[in-house]
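Data block below; observations after.
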Amino acid sequence: MFESKMTTAEILKRVRRIEIKTKGLSNHIFAGEYHSAYKGRGMSFSEVREYTPGDDVKTIDWNVTARFSHPFVKVYEEERELTVMLLVDISNSSLFGTGQRLKREIITELCAVLSFSAATNNDKVGVIFFSDRIERFIPPKKGRSHILRIIRELITIEPASGSGTNVGIALEFLNSVLKKKTIAFLMSDFVTLPFEKPLLLASRKHDLVGIQVFDQADKILPQAGLLKVRDAESGAELWIDTDDKAVRNQYAKNFQNHSDYCRQAFAKSGASMMSVRTDQDYVKTLQAYFKGR
1 MFESKMTTAE ILKRVRRIEI KTKGLSNHIF AGEYHSAYKG RGMSFSEVRE YTPGDDVKTI
61 DWNVTARFSH PFVKVYEEER ELTVMLLVDI SNSSLFGTGQ RLKREIITEL CAVLSFSAAT
121 NNDKVGVIFF SDRIERFIPP KKGRSHILRI IRELITIEPA SGSGTNVGIA LEFLNSVLKK
181 KTIAFLMSDF VTLPFEKPLL LASRKHDLVG IQVFDQADKI LPQAGLLKVR DAESGAELWI
241 DTDDKAVRNQ YAKNFQNHSD YCRQAFAKSG ASMMSVRTDQ DYVKTLQAYF KGR
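Under UniProt numbering, the very last position in the sequence shown is 293; numbers go up by exactly one each time.
In structure tokens, the structure reads:
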């Protein structure tokens with residue numbers, strides 16, 4: 001399974017490596033975009049300052065102005081504290097990857113970047129780990145130590161017994177444990193049962209974003225003769241002739257049909273969705289999403 005044989009020292013070293021990389025990205029690339037994309041719930045009084053030409057006269061604090069015999073204005077700032085929930089697919093299919101990195105490794109970095117971006121803006125972060133059931137729930141909190149705990153869990157967690165994927169269960173759990181509106185990032189390859197209804201309910205309550213993480217081999221079957229393949233989640237095995245063009249075309253069509261289903265389901269619910277391939281740079285994808293909000 002995923003890094004299950006790592007020692008404590010190796011885990012801590014990897015946590016630190018991920019922190020350095022993703023915290024740098026969040027500080028220098030995403031902090032401004034995140035802040036612009038997710039504004040606070042309103043404005044709260046911060047302080048007063050002397051009036052300067054061009055200030056809105058509606059903001060004049062008449063009590064302070066009377067006391068000092070010249071005008072002062074009220075200064076407001078955003079109530080920025082929000083809650084970010086990460087819904088993380090840890091099913092067996094997340095352990096697939098034909099390049100240098102597995103889907104789970106990409107998901108781990110995405111979670112870390114989003115967590116540090118949220119922390120920079122003083123937002124809380126929580127996690128729901130799921131497979132075909134809820135595997136673990138980390139309630140939202142603030143602070144670097146909390147984010148480092150999340151990264152450690154991302155590196156080491158394994159599904160207790162579930163091997164499949166059920167996005168609907170994760171969304172239903174989100175609705176049941178988070179009563180107030182949250183920003184929710186759902187990260188999965190979406191090898192799952194239909195999930196339109198729970199997606200619709202969750203997107204009505206929360207600001208929901210889906211991130212489809214996939215490998216090139218999920219989309220294109222390599223031409224390599226007769227191969228014995230095994231489904232990571234069901235365990236089913238079969239022989240396929242990858243030299244058969246019809247087989248390869250059907251494989252690609254199945255992936256495209258499923259991706260279309262996911263995009264349509266998110267669009268109908270009013271939620272956002274983006275795709276990230278394991279051998280491509282996710283930075284540009286995230287930047288484009290934040291700037292497009």
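Ideal placement from N, C-alpha and C gives every residue a C-beta, glycine not left out.
Residue i, enclosing alpha helix (DSSP H) - first and last residue
i, result
"Glu-172", "167-177"
"residue 294", "Past the boundaries of the shown model lies residue 294; the chain is included only from 1 to 293, so the question cannot be answered."
"Val-113", "103-120"
"Val-191", "Neither: Val-191 is in no alpha helix (DSSP H) and is coded neither H nor E."
"Asp-285", "Residue identity differs from the one stated: residue 285 is Thr in this sequence, not Asp. Run containing Thr-285: 282-292, per the alpha helix (DSSP H) assignment."
8 Å CB neighbourhood of residue i in its chain, flanking five on each side removed
i, result
"Glu-81", "Gly-40, Asn-122, Asp-123 and Lys-124"
"Glu-135", "Ile-90, Phe-129, Ile-157, Pro-159, Ala-160 and Gly-162"
"Met-273", "Val-209, Gly-210, Ile-211, Gln-212, Cys-262, Arg-263, Phe-266 and Ala-267"
"Gln-216", "Thr-98, Gly-99, Arg-277, Thr-278 and Asp-279"
"residue 296", "No answer is possible for residue 296: it lies beyond the span of the chain, which begins at 1 and ends at 293."
"Asp-55", "Val-73"
"Glu-109", "Ile-18, Lys-21, Thr-22 and Tyr-282"
"Met-6", "Arg-14, Ile-155 and Thr-156"
heavy atom of the ligand HEM below 7 Å from residue i C-beta
i, result
"Gly-24", "As presented, the structure is devoid of all ligands, the ligand HEM included, so that no description of it is given."
Beta-bridge partners of residue i, as assigned by DSSP
i, result
"His-253", "For clarity, residue 253 is Lys in the given sequence; the question names His instead. Note: Lys-253 sits in no beta bridge, so no partner."
"Leu-199", "DSSP output for Leu-199 lists no bridge partner at all."
"Trp-239", "Lys-228"
"Lys-74", "Val-48"
"Met-6", "According to DSSP, Met-6 bridges with nothing at all."
"Gln-264", "Answer is none; Gln-264 lacks a bridge partner."
"Gln-212", "Ser-188 and Ser-275"
"Asp-207", "Ile-183"
Test item: CB-CB of residue i and residue j under 8 Å
i, j, result
"Leu-208", "Ala-184", "yes"
"Glu-47", "Ile-151", "no"
"Asn-166", "Leu-193", "yes"
"Glu-237", "Val-247", "no"
"Ile-107", "Ser-94", "yes"
"Leu-174", "Leu-87", "yes"
"Lys-219", "Phe-190", "no"
"His-206", "Thr-182", "yes"
"Leu-148", "Val-15", "yes"
Residue burial classification, residue i (beta-carbon count within 10 angstroms, cutoff 16)
i, result
"Gly-270", "exposed"
"Ala-9", "exposed"
"Arg-104", "buried"
"Glu-50", "exposed"
"Val-57", "exposed"
"Thr-52", "exposed"
"Met-1", "Below a pLDDT of 50, predicted positions are generally treated as unreliable, and Met-1, at 44, falls in that range; the measurement from the model is reported next regardless. Classification of Met-1: exposed, given that the 10 Å Cβ count is below 16."
"Ser-131", "buried"
"Ser-176", "exposed"
"Lys-23", "buried"
"Ala-170", "buried"
The beta strand (DSSP E) enclosing residue i, as first and last residue numbers
i, result
"Lys-141", "134-141"
"Leu-86", "83-89"
"Leu-148", "Segment 144-156 is the alpha helix (DSSP H) holding Leu-148; no beta strand (DSSP E) there."
"Phe-185", "183-188"
"Arg-277", "272-277"
"Lys-58", "Element bounds for Lys-58: n/a, residue is neither H nor E."
"Lys-124", "124-130"
Cut-off 7 Å between Cβ atoms - residues of its own chain near residue i, not counting five sequence neighbours on either side
i, result
"Glu-3", "Its pLDDT being 49, under 50, Glu-3 is placed unreliably in this model, and the coordinates cannot settle the point."
"Leu-25", "Val-113 and Val-283"
Other residues of its chain near residue i: CB distance less than 6 Å, five sequence neighbours each side excluded
i, result
"Gly-168", "Phe-195 and Pro-198"
"Gly-126", "Met-85, Ile-138, Pro-139 and Pro-140"
"Ala-118", "Val-84 and Val-125"
"Thr-59", "Val-73 and Lys-74"
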